[in-house]
């Protein structure tokens, strides 16, 4: 049997808190944390115990090398018997210290995730440590020779989009890339990206190899640039005028409880212009804020995603119906809440979610439950009458129900899989029920149990009209 013991295993591995360090130094700390963890794992199987000890020893040996030279050869460190011979060869092929670090961090994270623990609290710690190792693994895979900070943050979307050249690949036709590669901003970016990935200067490459890399970078560059379409001066003026002269007040409170602020016209117009460059409606691809006559914007911090901001935008749809669209603006992108959960899971995988304290975890639960929909309907957290008042068919009847049956989501310890548990009252399908939610450190949220409280609760129905949530008139109850 293999199991983990208690122990304080991980240093601070959040890249956001390590600005100024190199990725190699961060990976070195992660490897040392992995070694300390492997030292705590007990196994009755002699072969497994030997493998664990060997991996711990290799983590310590590699830590110094990857901090000093992440792209240096591992040949002097990894012998034929190390790591099952995975990185040993008699040919000229060699692997970098970073590549071996990626393997060790991923393998250790896998062990953390699969091991049983003596209680849910320790299992939760193992899951959080595994998430930390995987975050560093992804970073050293993406940018092994980088320094953590604003420049890497700015280049990360390009690094994720870039397809690395394959051996023997021919360059793109010059006419396709000359206009891009002659751009000084592109060339400075290309030099930085090549230095981050390869650890050398792009100018030092032979002409054909340089052309291949330049072509790949140009494709990624245009792919990112093409996501945002420039607005005409007339479109900018329309958006600015709408923000200065909204057609009416907000039609309803925020969909997600939080610390919301309505933006002044100038700031609202700036956000609407950003949305307009990325999201479009109809066969003519009209910018969304213009197609939906958007004129009001409010924002709320989304601390579970660092410095990200939740944005709600009010628009008028066909027939003059008001609707609210929700977006999440991060440092390098803007995401739309389309009712599906895929965009949240993608964001958690690429950017990571910070569930470091109870407040952040509750914030994330509110965000997820109110933005993800099934058959157009959200699993609304029935926290109080005030939260649900705008959906009431009969306010006094709903108020009486809420007195006895609603409450904010409450932490309830850990389950045996190490997930944080919450007990919440939920409105869905014309009913109120109490549910148990289980949250993993990587943001995966699951409803594990539920119990009916009240059937036939008369609530106004919501529906999705494109990206907008529309509240149906009274009389069309669930």
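Numbering (this note's numbering), first residue to last: 594 to 1071.
Virtual Cβ for every residue (Gly too), placed ideally from N, Cα, C.
Small disclaimer: the values here were computed from a predicted structure and weren't measured.
For my contact list, residue i and residue j are in at a C-beta cut-off of 8 Å; report their separation, rounded to the angstrom.
| i | j | result |
| --- | --- | --- |
| residue 870 | residue 821 | 4 Å |
| residue 972 | residue 922 | The Cβ separation is near 24 Å, so there is no contact. |
| residue 782 | residue 755 | Rounded, the Cβ-Cβ distance is 11 Å, inconsistent with contact. |
| residue 659 | residue 690 | 4 Å |
| residue 1011 | residue 710 | 7 Å |
| residue 1031 | residue 1016 | Rounded, the Cβ-Cβ distance is 11 Å, inconsistent with contact. |
| residue 606 | residue 626 | 7 Å |
| residue 1061 | residue 960 | Their Cβ separation, rounded to whole angstroms, is 18 Å, which puts residue 1061 and residue 960 out of contact at 8 Å. |
| residue 850 | residue 980 | 6 Å |
| residue 733 | residue 656 | Between residue 656 and residue 733 the Cβ distance is about 12 Å, and since that is not below 8 Å, they are no contact. |
| residue 880 | residue 828 | 6 Å |
Hey, residue i and residue j: beta-carbon distance below 7 Å or not?
| i | j | result |
| --- | --- | --- |
| residue 893 | residue 957 | no |
| residue 1039 | residue 1001 | no |
| residue 680 | residue 693 | yes |
| residue 866 | residue 969 | no |
| residue 882 | residue 832 | yes |
| residue 713 | residue 1007 | yes |
| residue 727 | residue 702 | yes |
| residue 698 | residue 813 | no |
| residue 616 | residue 747 | no |
| residue 998 | residue 1025 | yes |
| residue 930 | residue 874 | no |
| residue 1050 | residue 1023 | yes |
| residue 966 | residue 932 | yes |
| residue 811 | residue 749 | no |
| residue 663 | residue 737 | yes |
| residue 1046 | residue 1029 | no |
| residue 741 | residue 612 | yes |
| residue 887 | residue 904 | no |
| residue 908 | residue 935 | no |
| residue 731 | residue 705 | no |
| residue 1014 | residue 1005 | yes |
So residue i is in the alpha helix (DSSP H); what residue range does that whole segment cover?
| i | result |
| --- | --- |
| residue 787 | 777-791 |
| residue 630 | 616-633 |
| residue 1019 | From DSSP, residue 1019 is part of no alpha helix (DSSP H) but of the beta strand (DSSP E) over 1013-1021. |
| residue 671 | Taken as a continuous stretch (DSSP letters only), residue 671 belongs to no alpha helix (DSSP H), as it is neither H nor E. |
| residue 713 | 713-735 |
| residue 817 | 800-818 |
| residue 1046 | Taken as a continuous stretch (DSSP letters only), residue 1046 belongs to no alpha helix (DSSP H), being part of the beta strand (DSSP E) at 1038-1047. |
| residue 1003 | No alpha helix (DSSP H) contains residue 1003, which is instead part of the beta strand (DSSP E) from 1003-1007. |
| residue 997 | 988-998 |
| residue 978 | 978-981 |
Does any residue of chain C bring its CB to less than 7 Å from the CB of residue i?
| i | result |
| --- | --- |
| residue 1067 | Absent from the structure is chain C; it holds one protein chain and no more. |
For the beta strand (DSSP E) containing residue i, list its first residue and its last residue.
| i | result |
| --- | --- |
| residue 753 | Segment 743-754 is the alpha helix (DSSP H) holding residue 753; no beta strand (DSSP E) there. |
| residue 701 | Careful: residue 701 lies outside any beta strand (DSSP E), inside the alpha helix (DSSP H) at 690-707. |
| residue 1056 | 1055-1058 |
| residue 647 | Note, residue 647: premise wrong, no beta strand (DSSP E); alpha helix (DSSP H) at 639-661. |
| residue 829 | Here residue 829 belongs to no beta strand (DSSP E); instead the alpha helix (DSSP H) covers 826-837. |
| residue 1032 | 1024-1032 |
| residue 1061 | 1061-1064 |
Closer than 8 Å is the cut-off here; do at least three beta carbon pairs connect the stretch 629-641 with the stretch 667-677?
no
Taking contact to mean 3 or more Cβ pairs, one atom from each stretch, closer than 8 Å, check whether the stretch 904-919 and the stretch 843-861 are in contact.
The count of Cβ pairs closer than 8 Å, one atom from the stretch 904-919 and one from the stretch 843-861, reaches three, so the stretches are in contact.
Suppose only complete runs of 4+ residues qualify. What are the alpha helix (DSSP H) ranges in the stretch 923-960, listed by chain order?
With a minimum length of 4 residues, the continuous alpha helix (DSSP H) runs that stay inside the stretch 923-960 are 935-943.
Under 8 Å, with one C-beta from each stretch per pair, do the stretch 857-869 and the stretch 883-893 reach the 3-pair mark?
Result yes; three or more Cβ-Cβ pairs closer than 8 Å.
Assess contact between the stretch 651-658 and the stretch 772-792, defined as three or more Cβ pairs (one per stretch) separated by less than 8 Å. Is contact present?
no
Check whether the stretch 781-796 and the stretch 713-731 touch, using three or more Cβ-Cβ pairs below 8 Å as the test.
no
Given 8 Å as the limit, is there contact between the stretch 937-956 and the stretch 1034-1048, that is, 3 or more CB pairs closer than that?
Touching, yes, given that three or more Cβ pairs across the two stretches are closer than 8 Å.
Which ranges would you report for the beta strand (DSSP E) in the stretch 860-916 if only whole runs of at least 3 residues count?
889-895 and 901-909
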